[in-house]
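All remarks here apply to the structure that follows.
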Amino acid sequence: MLTYPGVVDLPESTLTFLAGLLAEDRAQRRTWRKLPPPEQALLVLVHLRKGERYEQLAEGFQVSVGTVHNYIREAVRLLATHGRTLLAAVWIFAWTQSNFLILDGTVVRTNRVRAHNKLYYSGKHKYHGINLQGLTDPYGRLIWISEGLPGSVHDLTAARMHDILDLIDRSELYLYADKGYVGGEGDRLLVPIKKPKNNDLPDRDKEANRTHATTRSQGERGFAVLKNWHIFDRFRGCPRRVGTFAQAALVLATEGL
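Oh and the sequence shown: position 215 is 215 in the UniProt record's numbering, straight run, nothing missing.
Written out as structure tokens, the structure is:
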């Protein structure tokens with residue numbers, strides 16, 4: 001393969017943050033790696049940010065494909081463990097911030113899984129993928145992201161499976177969400193008013209929906225954090241690891257700046 005100099009559009013602080021985590025982990029476990037922590041961190045960031053494949057990284061960093069796989073898996077696991085749990089994210093926000101959060105979902109495209117073709121196929125998006133749920137604050141900052149579920153899982157079902165609605169109800173926060181969550185339980189779930197069959201909404205309800213959409217629109221910016229990490233353009237690894245990779249990217253995007 002030909003090699004060439006490249007650029008990763010991330011600040012030096014992100015590299016320093018990840019290298020520090022790796023160095024600390026190595027010291028605690030008294031383990032050794034061929035590449036020093038800064039180079040391993042750079043390899044991982046290139047993979048996550050630019051979506052470069054294992055073979056390309058192996059050639060560029062002069063290590064084996066197996067070593068690349070192990071380096072990435074190790075760093076992603078370490079980053080994901082530094083993320084907030086749903087409980088921590090909600091309660092910290094409930095005590096210190098505004099009185100509402102915004103819930104949204106996305107489907108990260110993956111390669112077709114032959115053994116579970118229908119399970120991972122999203123009828124809404126028309127491709128195979130993994131359903132992720134995310135909570136953002138009123139300013140559109142993503143504060144938590146879920147583990148992944150198969151792409152065929154509906155957003156409301158996913159929210160229930162992650163216990164988001166129940167936890168929000170107990171936290172006394174309000175939760176803004178789109179039409180995909182209509183029918184959800186709890187007094188604090190705020191969704192658009194559904195248009196009745198063969199009838200128009202009254203002007204009062206139309207205005208309420210416009211106000212709701214204005215508030216909720218900030219939350220749509222939350223998942224934009226994933227679009228900056230090109231590994232999620234089309235995730236080519238094991239679909240069950242999409243959520244862990246997304247949680248790692250969130251930690252880098254928030255704590256690593």
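No residue lacks a Cβ here, since even glycine has one placed at the ideal position from N, Cα and C.
A Cβ-Cβ distance of about 5 Å is found for the pair ALA248 and ALA80, placing them in contact under the 8 Å criterion.
The stretch 227-242 makes contact with the stretch 94-109; the number of CB pairs closer than 8 Å reaches 3 or more. The stretch 193-211 makes no contact with the stretch 150-165: fewer than 3 CB pairs, one atom from each, lie closer than 8 Å. The alpha-carbon separation between GLY140 and PHE100 amounts to approximately 12 Å. Counting only residues of its own chain and dropping the five nearest sequence neighbours on each side, TRP144 has a CB closer than 7 Å to the CB of ARG84, LEU86, ALA89, GLY134, LEU135. Judged by DSSP secondary structure, THR110 falls outside any beta strand (DSSP E); it is assigned neither H nor E.
In this structure GLY151 is buried. Its beta-carbon is surrounded by 16 or more other beta-carbon atoms within 10 angstroms.
The stretch 5-18 and the stretch 41-48 touch, with no fewer than 3 CB-CB distances between them shorter than 8 Å. Proximity to VAL153 across SER171, ASP169, GLY180 peaks at GLY180, based on C-alpha coordinates. Judged by their CB atoms, SER146 and GLY219 are not nearer to each other than the 8 Å cut-off. ASP9 and LYS50 have their alpha carbons spaced roughly 9 Å apart. A straight line joining the alpha-carbon of ILE193 with that of GLU172 spans about 22 Å.
Rounded to whole angstroms, the gap between the alpha carbons of VAL65 and GLU59 is 9 Å.
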